[in-house]
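Down below is the structure, laid out as structure tokens.
There are 2 protein chains.
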Amino acid sequence: MQSFAIIFSTSLLSAKLIPLIFPFMKTIKVGIIGCGVVGSGVVRVLQENAKVIELRVGSKIEIAGVADRVFPKGVKIEKKIFTSDGFALCRNPEIDIIVETVGGMGIAAEFIKTALENGKHVITANKALLSEKGFPLFQLASQQKKLLLFEAAVGGAIPIIRTLKMDFAGEKITQMKGILNGTCNYILTQLTEGGIEFADALKAAQEKGYAEADPTLDIEGIDTAHKIALMAMLAWGVKVDFKKISITGITGLTAADFDLVKRLGFVIKLIAFAKKESSELEIHVSPTLLPADSALAKIGGVINAVQIYGKNMGSCLLSGRGAGSLPTATAVVGDIIEAARDTLIGKSAVPVCGYQPEKLVEFKICKIEESTSAYYLRFSVKDLPGVIRDISTILAKHNLSIHTFLQFGKPHPDNYRPIAMVLHPAKFGDVKRAVVEIDKLKCVDRKTLILRVEM
Amino acid sequence: MQSFAIIFSTSLLSAKLIPLIFPFMKTIKVGIIGCGVVGSGVVRVLQENAKVIELRVGSKIEIAGVADRVFPKGVKIEKKIFTSDGFALCRNPEIDIIVETVGGMGIAAEFIKTALENGKHVITANKALLSEKGFPLFQLASQQKKLLLFEAAVGGAIPIIRTLKMDFAGEKITQMKGILNGTCNYILTQLTEGGIEFADALKAAQEKGYAEADPTLDIEGIDTAHKIALMAMLAWGVKVDFKKISITGITGLTAADFDLVKRLGFVIKLIAFAKKESSELEIHVSPTLLPADSALAKIGGVINAVQIYGKNMGSCLLSGRGAGSLPTATAVVGDIIEAARDTLIGKSAVPVCGYQPEKLVEFKICKIEESTSAYYLRFSVKDLPGVIRDISTILAKHNLSIHTFLQFGKPHPDNYRPIAMVLHPAKFGDVKRAVVEIDKLKCVDRKTLILRVEM
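Protein chains in written order, with the working numbering: chain A, 354 to 808; chain B, 354 to 808.
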């Protein structure tokens, strides 16, 4: 039977049909481009868990090629599968699946494009690329009927992407909140524990390997914004214009704020927020006060978490390790397994983006000034008569109502002291306008800090 | 091209191939058997979210038949699609997907079997049936190359099943712990808050609709065991002999215990536990003390949660609504969408059980007596000289070491009082033997309570 089939296949059928007839014969071949932190983790997980993966796929998965600028250290691969030419892997007809772990917005896109054009499924963890310039790639994947999977791009090993594409596909998602950057959450957890200033917390994070030498993408909230943009695309089938996402990082926070918000029963977290109503999408990243007993407030250290709200299901919290070589590799390997299973049947059922890319719609993103929320204000004022009168007069003029008020402890040696307030829900634009006026008062020392509050 | 294809399809190809050629033409037809709490929720979600579901599937999903003993109340379906003959739906050649929401171990199995035999994908939430008698059904689904999906069987809308089959498919899962029964967790949360006895907490749960009139399956831990058995099958590719799972419910707990454990810094939860080592599987359900600040300890009310530990990914916590009409229906509809997408491509990539059923292996389940853990003991003793000496002598004889000890407050009016201890990790068998001896002491009033402790 076997020899007959081989004769048959070489004579009458194209090579592509062989796996359909003999799925058990096919070894799935993977090419990995970029063998740094994530790529080397992928090699390791594929090697160490080869047996369980074979049982689950019904076929061996072979690392057929690894590309990087130099031969990677610390991974056990044969010299002969190494190449410094990633494009050669993308074009290699033997290879079924390309894993892109180069990162960044440059050549990574070319690798993905070339791989898709050459009929490979592609796996990536590249949230920057997909969220800012992903659309043509998703379109290409769809045209080529190939997968472009990115479970590792959001929340590392936490199953967020597939959950949005499959589990919650029949749900009307109303709102999503997430702690999506371990570096920031580690720093904020240190600051919440107290006795430390931002710069020291950042340094500690760098020393522990939780923050990059250049931490800008993380601490300025950009990485978090990349992730919530992808989640919004999957949750609502919308094309998110990344430039329109309001992004505030965590660099403007002081130790004093962490002490004040604790006294008010809150914790500060860098929250990615997205909410879709009939006519517009609210999506932003900002340091946010959460009630200390809320689920996300309790997510400490480098752990990531998302809370997804649905019309029917209530809310669902998913949390775990959002970064690191092996947790991220676990997600990539989950994607490799999906791509391998699809390779064996020669088809893919789940559309890229959960929706077909051509069904994605442009959607109006609400201006941050129009977004309504409770807000925390921290003023820094001279300890003089009339200060509260002046501030509260301006707030009242802008129709802003005070929910919580705290002036506490002794004035600083320089006679300036902080005042903390939480306002009842209001439009951010109104709050900002009031604060501009307040900051012109003579009794006000430095710019007032405004933080969003989730009640 | 189109007309050629139609001629070609009607003359040379079987009807089954038409959807492969014209996927856009196909409306996916669903039959729902059993239109109670879950079934009626499924009808509602399919109707209300029809538009978003069509966008995600690329095809309409039509409720083509609903079967129940009587015409269901509170659902908007046309009379003509109703039938009292579920088997007719299972055999209807028009129908692609059967949803079995009859429940129970009886006729439900026949419906599933008939549907699979007639080439339908099947969706069910029936954890009792699948965990106790599921194997032949999984085998049948695999032979028929049809899906048998059951996301709603464990943790309602929480994405546990698909996560184990897909996201964590490349991970060596080491251990899983879960709060998997909302009724029990509601009752235990009430008891933890204090001032209430078990019977009253159960009554309150029944009044709120969180507990059945006959709550046995829930409060005796059987429902929880059904769920962890399915999780273990998916996580490790093992056939779990349900009868070998050690199951202890929550009926033996008293208000006094909740007070004592709180003073020791613990919370009592009904925990489903599974751990696989090279040679055996540890799997059991029991009321368990968790440190009050641990993630699962904070899961309150009817919320469910699972914590899944992997060699590479660390741990991942998934939580949300584990029951109720609409959360459960959300999970069922997610499965319907998977089945619909697979119907359109005419194939399925993900094996039932995550592994092919024929690859599932029998695996030795460790006897509960051999399981090692810390244990909490609550003695009820006469307040007399020599009591502590007698108890501690027996513990020492069995080589059991005391970690924490609490005797607290005044004796009860009848002169009996509780003593709480936490033992250092020991084999359950040794603890049980020591307790049998202790319970024979004259100073001991009633049987000593033994609870597992997760440190």
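Every residue, glycine too, gets a C-beta built ideally from N, C-alpha and C.
- Among A:I386, A:A468, A:N538, A:K499, which has the Cα closest to the Cα of I434 of chain A? A:I386
- Is G384 of chain A helix, strand or coil by DSSP? strand
- Query: Anyone know if the C-beta pair for R674 of chain A and C669 of chain B falls short of 9 Å?
  - Reply: yes
- Of all the beta strand (DSSP E) runs that stay within the bounds of the region 621–648 of chain A, which reach a length of 3 or more residues? Taking only runs of at least 3 residues, the beta strand (DSSP E) segments lying wholly in the region 621–648 of chain A are 634–644.
- When B:E635, B:S639, B:A468, B:G459 are compared against L541 of chain B, the one with the closest alpha-carbon: Nearest C-alpha to L541 of chain B: B:S639.
- Task: Below 7 Å between beta carbons is the criterion; list the residues of the region 641–672 of chain A that meet it against any residue of chain B, in chain order.
- Result: K651, G663, N665, M666, G667, S668, C669, L670, L671, S672
- Message: Does the CB of T436 of chain B have a neighbour CB from chain A at under 9 Å?
- Response: no
- Would you grab the beta carbon distance between D571 of chain A and T536 of chain A for me? Rounded to a whole angstrom, and I think it's under 8 Å. 4 Å
- Message: Run through chain B and tell me which residues come within less than 7 Å of E504 of chain A, C-beta to C-beta.
- Response: D520
- Distance, T683 of chain A Cα to E401 of chain A Cα: 12 Å
- Using alpha carbons as the reference points, say which of A:V475, A:S754, A:V788 lies closest to T454 of chain A. A:V475
- Task: Closer than 9 Å, Cβ to Cβ, to anything on chain B: give me those residues from the region 450–479 of chain A, in chain order.
- Result: none
- Item | Any chain B beta carbon closer than 9 Å to T683 of chain A | Residue-level contact check: T683 of chain A touches chain B, since one or more beta carbons of chain B fall below 9 Å from its beta carbon.
- Item | Residues, ordered as in the chain, of the region 486–517 of chain A that lie near chain B by beta-carbon distance below 7 Å | E504, A510, I511, P512, R515, T516
- By DSSP, does N479 of chain B sit in helix, in strand, or in coil? coil
- Can you find a heavy atom of the ligand MG that lies under 8 Å from the Cβ of A403 of chain A? The ligand MG is not part of the structure shown, which contains no ligands of any sort.
- Tell me, please, whether the region 687–705 of chain A touches the region 497–516 of chain A by the rule of three or more beta-carbon pairs shorter than 8 Å. Two segments are said to touch when three or more pairs of C-beta atoms, one from each, lie closer than 8 Å; by this definition the region 687–705 of chain A touches the region 497–516 of chain A.
- Message: For a contact defined as C-beta to C-beta under 8 Å, what are the partners of D695 of chain A on chain B?
- Response: A702
- Query: Helix, strand or coil: which one does DSSP assign to P778 of chain B?
  - Reply: strand
- Exposed or buried, which one is R805 of chain B when buried takes at least 16 other CB atoms within 10 Å? buried
- For P680 of chain B, which of A:K525, A:K429, A:G508 has the nearest alpha-carbon? A:K525
- Proximal chain A residues relative to Y729 of chain B, where beta-carbon distance stays under 9 Å: Within 9 Å Cβ-Cβ: nothing; Y729 of chain B doesn't reach chain A, min ~25 Å.
- Message: Taking the beta strand (DSSP E) that Y729 of chain B belongs to, which residues open and close that run?
- Response: 725–735
- Item | At least 3 beta-carbon pairs within less than 8 Å: the region 783–798 of chain B vs the region 738–752 of chain B | Contact between the region 783–798 of chain B and the region 738–752 of chain B is present: 3 or more CB-CB pairs across the two stretches fall below 8 Å.
- Chain-ordered chain B contacts of K712 of chain A [CB-CB under 7 Å]: L408
- So, helix, strand or coil for Q709 of chain B, using DSSP? Three-state DSSP puts Q709 of chain B in coil, outside helix and strand.
- Item | Presumed contact (8 Å Cβ cut-off) between T477 of chain A and F503 of chain A, rounded CB distance | 5 Å
- Task: Would you please state the rounded distance, in angstroms, between the beta carbons of V659 of chain A and L671 of chain A? I believe it to be under 8 Å.
- Result: 5 Å
- Query: Using the C-alpha atoms, what's the distance from V614 of chain B back to R616 of chain A?
  - Reply: 29 Å
- Message: When you compare the region 753–760 of chain A with the region 697–709 of chain A, are there three or more beta-carbon pairs, one atom per stretch, that lie closer than 8 Å?
- Response: no
- Task: Mind checking which residues open and close the beta strand (DSSP E) that includes A417 of chain B?
- Result: 414–420
- Within this structure, are the beta carbons of V705 of chain B and S495 of chain B separated by less than 9 Å? yes
- Task: Just mark N479 of chain A as buried or exposed, buried being the case when its beta carbon has 16 or more other beta carbons within 10 Å.
- Result: When all chains shown are included, N479 of chain A counts as buried.
- Query: Listed from N- to C-terminal order along the chain, which residues in the region 381–414 of chain B have their beta-carbon within a distance smaller than 7 Å of any beta-carbon of chain A?
  - Reply: With the criterion set as a beta carbon lying under 7 Å from some beta carbon of chain A, the members of the region 381–414 of chain B are V398, N402, V405, I406, L408, R409, G411, in sequence order.
- Task: Confirm, please, whether the CB-CB distance from I450 of chain A to A693 of chain A is below 9 Å.
- Result: yes
- Any C-beta of chain C sitting closer than 9 Å to the C-beta of Y708 of chain B? Among the chains of the structure shown, chain C does not appear; the protein chains present are A and B.
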